[in-house]
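Student: Line order of the protein sequences matches chains A and B. Per our numbering, residue 1 is the first one in the first sequence, and the count goes up by one each step. Per our numbering, residue 140 is the first one in the second sequence, and the count goes up by one each step. Glycine is no exception: its CB is placed at the ideal position from the N, C-alpha and C atoms. Below you'll find the structure I mean.
2 protein chains.
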Amino acid sequence: MEKEILVQKLREKGYKVTPQRRAILEVLLQSKQPPKALEVLVNVRKNFPDISLDTVYRNLNMLTELGVANVINLRGGEASRFELERGQHHHHLVCLKCGIAICLDFCPMDDRDVAAAEKHGFVLAGHVVELYGYCSRCG
Amino acid sequence: MEKEILVQKLREKGYKVTPQRRAILEVLLQSKQPPKALEVLVNVRKNFPDISLDTVYRNLNMLTELGVANVINLRGGEASRFELERGQHHHHLVCLKCGIAICLDFCPMDDRDVAAAEKHGFVLAGHVVELYGYCSRCG
DNA sequence: CTATATGCAAATGCTTTGCAAATCC
DNA sequence: GGATTTGCAAAGCATTTGCATATAG
């Protein structure tokens, strides 16, 4: 999605368009792989030295609630990664050593999830699928 | 697995069998659903009031490294759940409100994970699949 | 005995929150 | 001008760690 479309979306929802928000969107758009909050901070600070980490978190959360961004939960206490929603359901291949996350183009889920949810009286809300391994660099 | 078999396993690996360890195994064995570390603590304290949370964590981690237990990572910062390894690959259905986790008897993964890993030069180590939803109690 | 395990307290890392000052519309 | 955002500082969780003491084998 283009940056101005995203900006427009925020405005429509009644959010103010601050330079910090623009800068965060910019970083998300330019990142080759979904960055962690701290990585967003570091990159935003190159152009916007005074932004704070909590502002980054607040905005990443806001974008997520808006459905504009997704969270990739890593294992244990590791910091989550954030990616702009691409409008296409997908999952990730994550390196256990360096944490790099690669988008996959398939979802392994079939009807059995619906059946299982029904069987246990659950209303299904979604699912998480993450493949873990070691990338070529981390061997 | 029976408790004494587990105890035996620890001994074989050179770990000492302390009353705390026995109590933790007991709680894991008796839990209807995979407990969080804090839940383990509360339950162990019923019979063993002086155990500390860090001992619980240390032992849950030890059991996990040993392959005797598995960790179920919940979303965001939510505390992980621990279950004894049942020797059978499976996944979970987790309630987003109360956090209850139900073991499922299927794995949706097919060969595409291997293909994807290969394509990106990854050595596959495993995967996480969790279905999320709301249980009948939480609506 | 001696290495391992425990309890305590404090530290860590990620993320959130309260509040006064700044700023977008 | 008025509500929303920001930065700061501090708090909140889950989890880990250092260290002196206790304990299993």
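Distance, Cα to Cα, VAL195 of chain B vs PHE187 of chain B?
Tutor: By one-based count along the second sequence, residue 195 of chain B stands at place 56. By one-based count along the second sequence, residue 187 of chain B stands at place 48. Those two C-alpha atoms are separated by around 12 Å.
Student: Return the residue from the list A:LYS46, A:VAL68, A:THR64, A:PHE106 that minimises the CA-CA distance to GLY215 of chain B.
Tutor: Numbered from its first residue, the second sequence carries residue 215 of chain B at position 76. Answer by Cα proximity: A:THR64.
Student: Counting only Cβ-Cβ distances shorter than 9 Å, please list the residues of the stretch 204-222 of chain B near chain A, keeping chain order.
Tutor: Answer set for the stretch 204-222 of chain B: VAL210, ASN212, LEU213, ARG214, GLY215, GLY216, SER219.
Student: Kindly indicate which three-state DSSP category LEU131 of chain A falls into: helix, strand or coil?
Tutor: For this step, residue 131 of chain A is matched to residue 131 along the first sequence. Of the three classes helix, strand and coil, the one that applies to LEU131 of chain A here is strand, per DSSP.
Student: With a CB to CB cut of under 7 Å and the five nearest residues on each side skipped, what residues in its chain are close to GLY265 of chain B?
Tutor: Counted from its first residue, the second sequence places residue 265 of chain B at position 126. No residues qualify anywhere along the chain.
Student: Please work out which residues of its chain come closer than 7 Å, Cβ to Cβ, to LYS142 of chain B, disregarding the five sequence neighbours upstream and downstream, and give them in chain order.
Tutor: As a first step, residue 142 of chain B must be located in the second sequence, where it is residue number 3. Hits under 7 Å: LEU164, GLU165, LEU168.
Student: Using the Cβ count rule (16 or more neighbours within 10 Å means buried), how would you classify VAL129 of chain A?
Tutor: To locate residue 129 of chain A, count along the first sequence from 1; it is residue 129. When all chains shown are included, VAL129 of chain A counts as buried.
Student: Quick one: what does DSSP say LYS16 of chain A is sitting in, helix, strand or coil?
Tutor: In the first sequence, residue 16 of chain A corresponds to position 16, counting from 1. LYS16 of chain A falls in the coil class under three-state DSSP.
Student: If you draw a straight line from the C-alpha of HIS92 of chain A to the C-alpha of CYS138 of chain A, how long is it?
Tutor: The sequence position of residue 92 of chain A within the first sequence is 92, counting from 1. The sequence position of residue 138 of chain A within the first sequence is 138, counting from 1. C-alpha separation (whole angstroms): 17 Å.
Student: Can you list, in chain order, the residues of its chain with a C-beta nearer than 7 Å to that of TYR273 of chain B? Leave out the 5 residues immediately preceding and following it.
Tutor: Residue 273 of chain B sits at position 134 when you count from the first residue of the second sequence. Taken in chain order, the residues that qualify are CYS234, LEU235, LYS236.
Student: Could you list the residues in the stretch 259-271 of chain B with a C-beta less than 8 Å from some C-beta on chain A, going in chain order?
Tutor: Listed by position, the residues of the stretch 259-271 of chain B near chain A (Cβ gap below 8 Å) are HIS259, GLY260, PHE261, VAL262, LEU263, ALA264, GLY265, HIS266, VAL267, VAL268, GLU269, LEU270, TYR271.
Student: So ASN73 of chain A is in the alpha helix (DSSP H); what residue range does that whole segment cover?
Tutor: As a working note, residue 73 of chain A is residue 73 in the first sequence. Per DSSP, ASN73 of chain A belongs to no alpha helix (DSSP H) and is neither H nor E.
Student: Using the Cβ count rule (16 or more neighbours within 10 Å means buried), how would you classify GLU83 of chain A?
Tutor: Along the first sequence, one-based indexing puts residue 83 of chain A at 83. Classification of GLU83 of chain A: buried, given that the 10 Å Cβ count is 16 or more.
Student: PHE48 of chain A touches chain B at which residues, Cβ-Cβ below 8 Å?
Tutor: Against the first sequence, residue 48 of chain A aligns to sequence position 48. The premise fails here: PHE48 of chain A is roughly 26 Å from chain B at the closest Cβ pair, so nothing lies under 8 Å.
Student: What are the partner residues of GLU165 of chain B, as DSSP defines its beta bridges?
Tutor: Here the question's residue 165 of chain B lines up with position 26 in the second sequence. According to DSSP, GLU165 of chain B bridges with nothing at all.
Student: Return helix, strand or coil for ILE5 of chain A, following the three-state DSSP convention.
Tutor: Counted from its first residue, the first sequence places residue 5 of chain A at position 5. In this structure, ILE5 of chain A counts as helix in the three-state DSSP scheme.
Student: Count the other CB atoms within 10 Å of the CB of ARG220 of chain B; is the residue buried (16 or more) or exposed (fewer)?
Tutor: Numbered from its first residue, the second sequence carries residue 220 of chain B at position 81. Counting Cβ neighbours within 10 Å, ARG220 of chain B comes out buried, since at least 16 surround it.
Student: Could you check which residue in A:CYS107, A:LYS119, A:ARG58 has the C-alpha nearest to that of TYR15 of chain A?
Tutor: The count along the first sequence starts at 1 and reaches residue 15 of chain A at position 15. Checked all of A:CYS107, A:LYS119, A:ARG58; the closest Cα to TYR15 of chain A is A:ARG58.
Student: Less than 8 Å between C-beta atoms, sequence neighbours within five positions excluded: which residues of the same chain meet that for MET248 of chain B?
Tutor: Taking the second sequence and counting its residues from 1, one reaches residue 248 of chain B at position 109. Only HIS266, VAL268 meet the Cβ criterion.
Student: Whole-angstrom Cβ separation of LEU60 of chain A and LEU270 of chain B, contact assumed at under 8 Å?
Tutor: The count along the first sequence starts at 1 and reaches residue 60 of chain A at position 60. The count along the second sequence starts at 1 and reaches residue 270 of chain B at position 131. About 25 Å; that fails the 8 Å criterion.
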